[in-house]
Amino acid sequence: MTYYQALDSILFDLDGTVWKDFTLINGAAETIHTLQEAGKRVIGLSNRGTHSRQQIAAYFQEQGIRWEKEDIILSSFLAADYLQTHYPKLPVWVLGEEGLREELAEAGLTLAAKPEEADWLVISLHTGVTYHDLNQAFRAVMHGARILATNQDPVFPGKDGLQLDVGGLIGAIEASTGKKTDIIVGKPSHFMYQKVMQQAASDPEKTMIVGDSLTSDIAMGAMFGLKTALVLTGNTTKEQADISSIKPDLVLPSIKELPFVY
Numbered sequence: 138m139t140y141y142q143a144l145d146s147i148l149f150d151l152d153g154t155v156w157k158d159f160t161l162i163n164g165a166a167e168t169i170h171t172l173q174e175a176g177k178r179v180i181g182l183s184n185r186g187t188h189s190r191q192q193i194a195a196y197f198q199e200q201g202i203r204w205e206k207e208d209i210i211l212s213s214f215l216a217a218d219y220l221q222t223h224y225p226k227l228p229v230w231v232l233g234e235e236g237l238r239e240e241l242a243e244a245g246l247t248l249a250a251k252p253e254e255a256d257w258l259v260i261s262l263h264t265g266v267t268y269h270d271l272n273q274a275f276r277a278v279m280h281g282a283r284i285l286a287t288n289q290d291p292v293f294p295g296k297d298g299l300q301l302d303v304g305g306l307i308g309a310i311e312a313s314t315g316k317k318t319d320i321i322v323g324k325p326s327h328f329m330y331q332k333v334m335q336q337a338a339s340d341p342e343k344t345m346i347v348g349d350s351l352t353s354d355i356a357m358g359a360m361f362g363l364k365t366a367l368v369l370t371g372n373t374t375k376e377q378a379d380i381s382s383i384k385p386d387l388v389l390p391s392i393k394e395l396p397f398v399y
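As structure tokens, then:
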């Protein structure tokens, strides 16, 4: 019996696990299809806050992967969900991209007309960030906006190596304002865990998270009692995994090998 057959649900990180910079990793589509055909609940989750769930679902449909919007949990969606649940009437300023704004708008949240009017600053990855963007975010916080970040990862895996992630933008705002981030919704937070498990409708002991990061994917699994599989196609090398205090249940070369582990 293969390892995954004892599981009800498999949670796949996206960056570095399923794709690199929106290029599918070899075997990713086949693995997801195999698990779906076996009747497993397959969920995609990511700290990526640049896109909306609808955008990512459309991408996967183009790649021949049957993933509905509801089965993709992004940090952009979590940010919108948190604010809609707890602060639905408060205006928001965004340091981020259009996909994040799309999720905030879908949740019925109001984007502030100017940074000084915002009660929350939402920080996510912004690949085209300018000094003006950073300065507007700075002004929001200096006028009292609290800070919500989609994640605090320092880097993410791109096609040509590691890329600066949200942690760098958080650092700029915290250093310049003297304020600390109030809420981080992405992995390994309980916000991500609760939303993903609600969608998976599975018990922790029958759920596996598969990802490339020890400090977000594998750490979240360890924190909440999930099975864990580390793939070596993204943030983490075999040497790093060997010396880490965070130990996954499985270490695999890539997502391609998962259906064949005994």
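Heads up: the sequence shown runs through residues 138 to 399, numbered per this note's numbering.
The beta carbon of each residue, even a glycine, is placed where N, CA and C say it ideally should be.
All of these numbers come straight from a predicted model, not from anything done at the bench.
> Is the region 288-299 touching the region 148-159, taking contact as three or more C-beta pairs under 8 angstroms?
Replying inline: yes
>> Using a 10 Å radius around the Cβ and a threshold of 16 neighbouring Cβ atoms, would you call A338 buried or exposed?
In response: Along the sequence shown, read from residue 1 onward, the residue named residue 338 stands at position 201. Exposed, because fewer than 16 other Cβ atoms sit within 10 Å of the Cβ of A338.
> In chain order, what residues of the same chain have a beta carbon less than 6 angstroms from the beta carbon of L144, not counting five sequence neighbours either side?
Replying inline: As a working note, residue 144 is residue 7 in the sequence shown. Within the same chain, L144 has close Cβ partners K343, M345.
>> Among the candidates Q331, G265, P325, whose CA atom is the shortest distance from the CA of L306?
In response: Residue numbering aside, residue 306 sits at position 169 when the sequence shown is read from its first letter. The residue with the shortest Cα to Cα distance from L306 is G265.
> In terms of alpha-carbon separation, which member of L232, F214, G245, N184 lies closest to P225?
Replying inline: One-based indexing of the sequence shown puts residue 225 at position 88. Nearest option by C-alpha distance: G245.
> What residues in its chain sit with their C-beta under 6 angstroms from that of F214, if we drop five residues either side in the sequence?
Replying inline: Along the sequence shown, one-based indexing puts residue 214 at 77. Cβ within range, chain order: R190, E240.
> Is it true that the CB of W257 sits closer than 9 angstroms to the CB of R238?
Replying inline: For the purposes of this step, residue 238 is taken as the residue at position 101 of the sequence shown. For the purposes of this step, residue 257 is taken as the residue at position 120 of the sequence shown. No, they are not a contact pair.
> If we count the other Cβ atoms within 10 Å of its Cβ and call it buried at 16 or more, is Y330 buried or exposed?
Replying inline: Working through the sequence shown from its first residue, we reach residue 330 at position 193. Label assigned to Y330: buried.
> Alpha carbon to alpha carbon, what distance is there between S350 and S381?
Replying inline: Mapped onto the sequence shown, residue 381 falls at position 244. Mapped onto the sequence shown, residue 350 falls at position 213. Going by the C-alpha atoms only, they are around 11 angstroms apart.
> For V368, which residues of its own chain have a beta-carbon under 6 angstroms away from its beta-carbon, when the five flanking residues on both sides are left out?
Replying inline: The residue you call residue 368 lines up with position 231 of the sequence shown. Counting only Cβ-Cβ distances below 6 angstroms, and skipping sequence neighbours, we find T154, D349, L389, S391, I392.
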